[in-house]
Structure formats: C-alpha cells, structure tokens
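Numbering (the numbering used here), first residue to last: 1 to 369.
What follows is the structure, given as structure tokens:
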C-alpha cells in the first residue's frame with residue numbers, strides 16, 4: 001500500500017475580476033467577482049479546483065484543511081472530504097468553510113482523474129453524454145437594450161433555448177419594473193425559448209404569489225427563490241399554488257440542508273452548487289437524495305466545476321451558464337466547453353480530469369493573493 005499516491009502539497013491563489021457592467025439581483029449589487037483557486041499536488045501531477053467566495057476562504061484552506069488532507073491517499077477522495085468536514089465543524093461548516101472544502105474536494109477529484117489518465121466524467125461514470133445549459137444573467141441593473149442583447153445572444157447566437165433574468169429588484173420594491181422586464185425578455189427570445197426568473201428571495205410570500213400569477217401570463221416555467229430559501233414551509237406553499245416550477249437550493253452548504261428542503265416538499269427542482277456544498281463528493285450525494293424523491297437537480301453557477309459531475313447523475317435537468325462565471329472561466333482556463341445547441345459535452349476531447357488548464361498569462365493580472 002505504500003506505493004499509493006498521496007497528497008504532497010496544497011496551494012491557493014485569489015483572483016478578483018471586475019464585472020463588464022454593474023450588476024445586481026433582487027437583494028445584492030456587485031461590480032467584481034472573486035475566484036479562489038486551490039491546487040493539490042501528488043508527485044509531478046497537479047489537480048485544480050475553485051470556488052467563487054471571499055478571499056478569507058484561503059485562510060480556512062491553509063489553517064484547517066491543508067494539514068488535514070496532506071499525506072492522505074489521493075484515490076480516497078471521500079475519506080479526505082469527511083476529514084475536512086470534521087476539521088471545520090467547530091469553525092462553522094456552512095459558508096466559507098464549506099466553500100473551502102469544496103474547492104479542495106474538486107481539486108482532489110481533478111487530481112485523481114489526471115493520475116488515472118481519465119476525463120473525470122469517465123472516472124465517475126456517465127449517465128448522459130450531453131449536459132443541457134441555460135443562459136443566466138439579465139441583471140436588474142441592465143437597461144432594456146443590454147438585457148435584450150444578452151438574451152438574444154444566448155437564444156439566437158449560441159442556440160441556448162433556456163434563459164433566466166433577475167427579478168425582485170430592491171427586495172421586491174419594484175414589482176412593476178420586474179414585470180416589465182419579464183415581458184421584454186419574452187419579446188426578446190420569442191415563444192420557443194423557456195423563460196426563467198430568479199428573485200433571490202427578495203419577495204414576501206404575498207408578493208411572490210401575486211407576481212407568480214403575472215409570470216404565468218408570460219409562460220415563465222421556472223421561479224427561483226420567490227422567497228428566502230430559509231422559509232421552507234412558505235416555499236412549499238408557493239410550490240403548491242403556482243403553475244410554474246419553484247426552485248431553490250443554492251445556499252445549501254451541507255447534505256442535511258438539502259434533506260430538510262426535500263422533506264419539506266419545498267422545490268420542484270433542487271439547485272445545488274458544487275463550489276459551495278462541499279464539493280463533488282457531496283454534490284453527488286445531494287443528487288442521489290433528490291433522485292430518491294423523484295426530484296431533478298440543477299447545477300448552480302460555476303459551469304466548468306460542475307460539468308463532469310453533472311453528466312454523471314441521471315436526474316440532472318440542466319446547468320446554469322452564468323454570465324459572470326462563464327466570462328471568468330473562458331478568460332482563465334484553456335479547455336472550456338462550448339454550449340452548442342444548448343448543451344455541453346464534458347470529456348469529449350479525452351483530456352484528463354476537469355480538462356481545464358490555468359493560463360497564468362491571462363489570469364495573473366487579476367491575482368490579489
């Protein structure tokens with residue numbers, strides 16, 4: 001057993017990338033995005049993982065996780081994940097600690113697949129060849145022209161037949177503008193494309209019910225976080241009342257969170273984020289929990305961190321092709337995927353692991369730590 005490859009070293013880097021325009025959703029505004037990169041080395045082979053999280057994530061990796069994982073067998077990723085989850089319990093597992101765990105876990109899976117010379121989807125075992133995606137952006141800060149240009153770019157230029165915009169502006173304070181923007185979105189993509197909306201928990205229950213009725217008039221089929229995902233009973237009530245799918249889950253950081261959401265009957269589709277929930281190891285378990293209840297899963301953001309795992313689950317609905325993250329991943333990495341005809345095909349080129357290579361010349365100018 002002594003010749004089994006072990007984790008030799010873990011390193012981190014932090015990059016902050018300005019957005020290409022001011023952005024906001026129903027509850028938050030931002031003008032830059034931070035990516036925390038983790039690399040895990042065994043011998044001469046290195047795996048990479050990442051999360052979109054505060055720079056403080058690095059401190060968790062260095063102080064709580066690196067020593068926990070170093071020396072463990074590379075092939076035993078679930079063992080490493082369990083050790084990491086235990087190591088951050090006292091510090092508080094949800095939040096930054098879970099994101100740090102996720103980045104290391106993703107890097108470990110990438111490393112394992114690289115050592116075995118396999119695309120990660122082949123190591124996990126594919127349930128599908130193609131992973132459907134949906135275009136996601138439509139920020140509340142966009143004017144009509146910018147929103148139209150973005151949505152048409154997805155639907156017409158890239159052939160993505162599913163698009164999503166943000167609503168719930170100013171914590172639900174601009175309902176009229178929300179509905180005007182939804183109507184314009186429908187005009188932009190026509191009747192053939194699926195239209196989704198995301199309120200990021202900005203509405204009250206009464207508002208969400210009222211808005212939901214109006215959304216049905218525009219054939220909106222996906223209402224994401226109409227109210228805060230902390231309110232599972234209210235989500236379940238809205239799910240029973242509204243004609244479109246009610247979805248949530250992006251703020252899930254632990255496996256029990258998703259079990260509670262599913263047990264409450266709160267969603268028609270469970271959104272889990274591989275860069276938040278503890279990594280690929282936990283994301284696959286979340287998908288299995290949902291599958292046991294006949295519920296689909298959708299990968300939240302960070303599309304290239306999700307792609308291979310998404311192809312490995314039978315109950316995947318789609319993956320979020322989020323504007324900010326697609327832009328950064330295309331800038332930073334070689335090996336990114338093309339959503340031709342609305343789907344991506346991870347592993348098709350035979351590249352090992354996630355198939356991504358960090359291009360230092362392009363990423364370096366944005367490095368802050």
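Just so it is clear, CB atoms sit at the ideal spot from N, CA and C, and this is done for glycine as well.
Item to check | Helix, strand or coil at residue 251 according to DSSP, with G and I counted as helix | outcome: For the purposes of this step, residue 251 is taken as residue 251 along the chain shown, with counting starting at 1. Assignment of residue 251 by DSSP, reduced to helix, strand and coil, places it in the coil class.
Checklist entry - According to DSSP, what are the bridge partners of residue 164? => result The residue given as residue 164 occupies position 164 in the chain shown. For residue 164, which the question treats as bridged, DSSP gives the partners 136 and 196.
Checklist entry - In whole angstroms, what is the alpha-carbon distance linking residue 302 and residue 275? => result Working through the chain shown from its first residue, we reach residue 302 at position 302. Working through the chain shown from its first residue, we reach residue 275 at position 275. When rounded, the distance between both Cα atoms is 7 Å.
Checklist entry - How is the beta strand (DSSP E) around residue 145 delimited, first residue to last? => result Here residue 145 is taken as the residue at index 145 of the chain shown, counted from 1. Counting along the chain, residue 145 falls outside any beta strand (DSSP E), though it belongs to the alpha helix (DSSP H) covering 144 to 152.
Checklist entry - Given a threshold of 16 other Cβ atoms within 10 Å of its Cβ, counted over all protein chains shown, does residue 320 qualify as buried or as exposed? => result As a position in the chain shown, residue 320 is number 320, starting the count at 1. Residue burial annotation: residue 320 is buried, with at least 16 other C-beta atoms found within 10 angstroms of its C-beta.
Item to check | Limits of the unbroken alpha helix (DSSP H) element including residue 271 | outcome: Residue mapping note: residue 271 aligns to position 271 of the chain shown, counting from 1. Counting along the chain, no alpha helix (DSSP H) covers residue 271; the unbroken beta strand (DSSP E) around it starts and ends at 269 to 272.
Item to check | First through last residue of the alpha helix (DSSP H) which encompasses residue 339 | outcome: Against the chain shown, residue 339 aligns to sequence position 339. Unbroken run through residue 339: none, as it is neither H nor E.
Checklist entry - Helix, strand or coil: which one does DSSP assign to residue 325? => result For the purposes of this step, residue 325 is taken as residue 325 along the chain shown, with counting starting at 1. The three-state secondary structure of residue 325, taken from DSSP, is helix.
Checklist entry - Under three-state DSSP, which class holds residue 188? => result By one-based count along the chain shown, residue 188 stands at place 188. DSSP places residue 188 in helix when its eight states are reduced to three.
Checklist entry - Is residue 367 helix, strand or coil by DSSP? => result As a first step, residue 367 is located in the chain shown; it is residue number 367 there, counting from the start. The answer is strand: DSSP assigns residue 367 an E or B state.
Next on the checklist: Assuming contact is defined by CB atoms lying nearer than 8 Å, are residue 48 and residue 39 in contact in what I supplied?
Outcome noted: Within the chain shown, residue 48 is the residue found at index 48, counting from 1. Within the chain shown, residue 39 is the residue found at index 39, counting from 1. Result yes, Cβ atoms of residue 48 and residue 39 sit closer than 8 Å.
Next on the checklist: Going by C-alpha to C-alpha distance, which of 246, 16, 222 and 53 sits closest to residue 232?
Outcome noted: Counting from 1 along the chain shown, the entry for residue 232 is found at position 232. Shortest Cα-Cα distance from residue 232 to any of 246, 16, 222 and 53 involves 246.
Checklist entry - Which stretch, first to last residue, makes up the alpha helix (DSSP H) that contains residue 395? => result As shown, the chain starts at 1 and ends at 369. That puts residue 395 outside it, with no answer to give.
Checklist entry - Under 8 Å between the Cβ atoms of residue 142 and residue 163? => result In the chain shown, counting from the first residue as 1, residue 142 sits at position 142. In the chain shown, counting from the first residue as 1, residue 163 sits at position 163. No, Cβ-Cβ distance for residue 142 and residue 163 is not below 8 Å.
Checklist entry - Looking only at C-alpha atoms, which of 204, 70 and 239 sits nearest to residue 221? => result Start at 1 with the first residue of the chain shown, and residue 221 comes out as number 221. If we check each option's Cα against that of residue 221, 239 comes out closest.
Next on the checklist: Please state whether the Cβ-Cβ distance between residue 140 and residue 166 is less than 8 Å.
Outcome noted: On the chain shown, residue 140 is found 140 positions in, with the first residue counted as 1. On the chain shown, residue 166 is found 166 positions in, with the first residue counted as 1. With respect to residue 166, residue 140 sits close: the two C-beta atoms are nearer than 8 Å.
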